[in-house]
Amino acid sequence: MVGCPNMELLASKFCEEQDLSMIAEGNEEGIHNGDFVFSIAASSGGKVAIPSLEELRVEYNTMKDMWSQADFLSGLKGIELTCFSTLLPSYFFQSLPDLEKLVLSDASFEEIIFHEEIISKETRAGLVKLKELKLSKLPRLKHLMDAKLLTVFQYLETLEVLECGRLEILVPSSVSFQNLKTLEVSNCHGLVNLISSSTARSLERLRKMKIEECGLIQEIIVTEADKDEEEKICFGQLKCLELQHLPSLSSFCSGNSTFSFPSLEEVIIIECPNMKIFAQEVLSTPKLWRVQTGEPKYTRERKKKYICEWEWEGSLNKTIQSLFKEMKAEETGICQCSYAKA
Numbered sequence: 004m005v006g007c008p009n010m011e012l013l014a015s016k017f018c019e020e021q022d023l024s025m026i027a028e029g030n031e032e033g034i035h036n037g038d039f040v041f042s043i044a045a046s047s048g049g050k051v052a053i054p055s056l057e058e059l060r061v062e063y064n065t066m067k068d069m070w071s072q073a074d075f076l077s078g079l080k081g082i083e084l085t086c087f088s089t090l091l092p093s094y095f096f097q098s099l100p101d102l103e104k105l106v107l108s109d110a111s112f113e114e115i116i117f118h119e120e121i122i123s124k125e126t127r128a129g130l131v132k133l134k135e136l137k138l139s140k141l142p143r144l145k146h147l148m149d150a151k152l153l154t155v156f157q158y159l160e161t162l163e164v165l166e167c168g169r170l171e172i173l174v175p176s177s178v179s180f181q182n183l184k185t186l187e188v189s190n191c192h193g194l195v196n197l198i199s200s201s202t203a204r205s206l207e208r209l210r211k212m213k214i215e216e217c218g219l220i221q222e223i224i225v226t227e228a229d230k231d232e233e234e235k236i237c238f239g240q241l242k243c244l245e246l247q248h249l250p251s252l253s254s255f256c257s258g259n260s261t262f263s264f265p266s267l268e269e270v271i272i273i274e275c276p277n278m279k280i281f282a283q284e285v286l287s288t289p290k291l292w293r294v295q296t297g298e299p300k301y302t303r304e305r306k307k308k309y310i311c312e313w314e315w316e317g318s319l320n321k322t323i324q325s326l327f328k329e330m331k332a333e334e335t336g337i338c339q340c341s342y343a344k345a
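Using this note's numbering, you'd call the opening residue of the sequence shown number 4 and step up by one each time.
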C-alpha cells in the first residue's frame with residue numbers, strides 16, 4: 004500500500020481471499036496472520052507511505068513482535084486490539100504519543116498491567132492524551148487498572164466496560180475521574196457495586212451513566228467504611244441515568260450520602276425488581292419530571308414511532324418507592340391467582 008498520504012483509517016479484517024500489505028521503503032519484513040499481512044521496514048531508515056493514518060484495528064498477535072520498532076504508528080490517535088493473551092508491554096504506549104482512543108477486546112488477561120514492574124515516565128506521557136477507553140469481551144479481567152496508572156486515567160472522557168464477567172472491582176476507591184463524561188457498564192456479573200463515594204465526588208463532568216445486565220450489582224455507589232459523616236455528592240452535569248435489568252440492585256446508594264442532580268433530565272429504570280429506594284436523601288432534581296419504567300413499544304401510527312411507560316410521584320425517591328410497591332403488589336396478585344387455580 005503506497006501513496007496514500009490522506010489515509011486515516013485501516014482495518015485488519017478483509018475477505019479471506021485478500022491479502023493486505025503495508026509497504027515500506029527499503030528492506031521489508033512481512034508478518035502473516037491468515038488474511039492479514041503487515042510489512043514494515045527492517046532498517047531504521049524505512050518509512051511507511053501512509054503518514055496520515057489515525058485509526059487502526061488489528062489483531063494484537065499480528066504485531067506483538069513489532070511494537071518496539073513501530074515508529075510508523077506514532078501518529079495514531081485510535082487503536083483497537085483484538086484476540087491476544089499477553090500483557091501489554093510498556094513500550095507499546097511509548098510508541099503512541101498521540102493516542103486518544105484505546106479499544107481492547109477478545110483477550111484473556113486478568114489485569115491491564117505491564118511486563119515491567121516500574122512504569123516509566125515515558126509510558127505515562129504516552130497515556131496522558133488518552134480520552135476514550137473501551138473494554139469488551141474480556142472474560143478473565145478482574146481489575147480494570149493497576150495502581151501505578153491511577154493518575155494517568157484521570158484524563159479519560161469515555162469509559163465503556165462490556166462483557167467482562169469476572170470483573171470484581173471497576174476502579175479502586177482512590178481513582179478520580181475529573182474529566183469523565185460517559186460511563187457505561189454492561190454484562191459484568193462479578194460486580195457487587197460500581198464505584199466508591201470518593202470516586203463519585205470526582206464525577207463533576209459526567210453527562211451519561213448507563214448500567215445494565217449486571218446480575219450481582221446491589222448498589223451503584225458504595226460509601227467507604229470509614230465515612231461516618233454525611234457526604235454531599237453533586238452530579239452537576241449528569242443529564243441521563245439508565246439502570247436496566249439489574250435484578251439485585253436495591254438502591255443507587257444506601258449509605259449516608261446526600262445527592263443533587265441539577266442537570267438531570269432523563270432517568271430510565273427498567274427491570275430492577277428489588278430497588279426499594281433511590282438514595283437516603285436526594286436534595287434536588289429540578290429538571291426531572293418523569294421516570295421511564297418500560298421498554299419503548301413501537302406503534303402503527305405514522306407520527307409516533309414508539310411509546311414509553313412513565314412514572315412520577317413528585318420526587319425520585321417517591322417514584323422508586325411507588326414502583327417497588329406496584330411490582331410487589333403484582334407479584335402478590337399473580338401468586339394468589341396461581342394458588343386459587345391450584
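Cβ atoms here follow ideal geometry from the backbone N, Cα and C, with glycine treated the same way.
Got a sec? Which residues, its chain only, sit under 7 Å from residue i by beta carbon, not counting five neighbours each side?
i    : result
L286 : T261, F262, S263
R169 : P142, R143, L144, K145, G193
F327 : M278, K279
G218 : H192, P250, S251
E103 : K80, G81, K132, L133, K134, E135
T322 : V294, E314, W315, E316
M330 : P276
E333 : none
K290 : S266, L267, E268
G239 : E207, P265, S266
S176 : S199, S201, T202, E227
Hey, residue i and residue j: beta-carbon distance below 8 Å or not?
i    : j    : result
L173 : L209 : no
L56  : L79  : yes
N196 : E166 : no
L99  : L138 : no
S253 : Q221 : yes
C256 : I224 : yes
S200 : E234 : yes
E269 : H248 : no
Only counting the same chain, and skipping five residues up and downstream in sequence, which positions put a Cβ closer than 6 Å to that of residue i?
i    : result
G258 : T226
S179 : Q157, S205
L319 : F281, V285, T288
V188 : V164, I214
D109 : T85, C86, K140
I236 : A203, R204, S260, F262
K344 : Residue confidence is low: K344 scores 49 on pLDDT, short of 50, so the model does not pin down where it sits. Its coordinate-derived value is still stated next. Excluding positions up to five away in sequence, the list is empty.
E171 : K145, G193
E2   : Nothing in the structure corresponds to residue 2, since the chain is present only between 4 and 345.
Counting only the same chain and skipping the five closest in sequence on each side, list residues whose C-beta sits under 8 Å from that of residue i.
i    : result
Y342 : Bear in mind that the predicted position of Y342 carries a pLDDT of just 47, short of 50, making it unreliable; the figure below should be weighed with that in mind. So the list is empty, once near-sequence residues are dropped.
I241 : The sequence shown places Leu at residue 241, not Ile. Contacts found: L206, L209, R210, K211, M212, F264, S266, L267.
S77  : S98, L99, P100, D101
Q324 : K279, I280, E316
W292 : W315
Below 8 Å on the Cβ atoms is my contact criterion, and I expect residue i with residue j to pass it. Report the Cβ-Cβ distance as a whole number of Å.
i    : j    : result
I273 : E298 : 6 Å
E160 : K184 : 5 Å
C275 : L246 : 6 Å
T296 : E312 : 5 Å
L162 : I115 : Contact doesn't hold; Cβ gap of about 12 Å is too wide.
Are any of the Cβ atoms in chain D nearer than 8 Å to that of residue i?
i    : result
L144 : No chain D is present in this structure, which holds just one protein chain.
In chain order, each beta strand (DSSP E) run of at least 3 residues that lies wholly inside the region 186-227 = Qualifying beta strand (DSSP E) stretches, in chain order: 196-199, 211-215, 222-225.
Run through the region 264-306 for me and flag every whole beta strand (DSSP E) of 3 or more residues, listed as ranges in chain order.
-> For the region 264-306, whole beta strand (DSSP E) runs of length 3 or above, ordered along the chain, are 269-273, 282-287.
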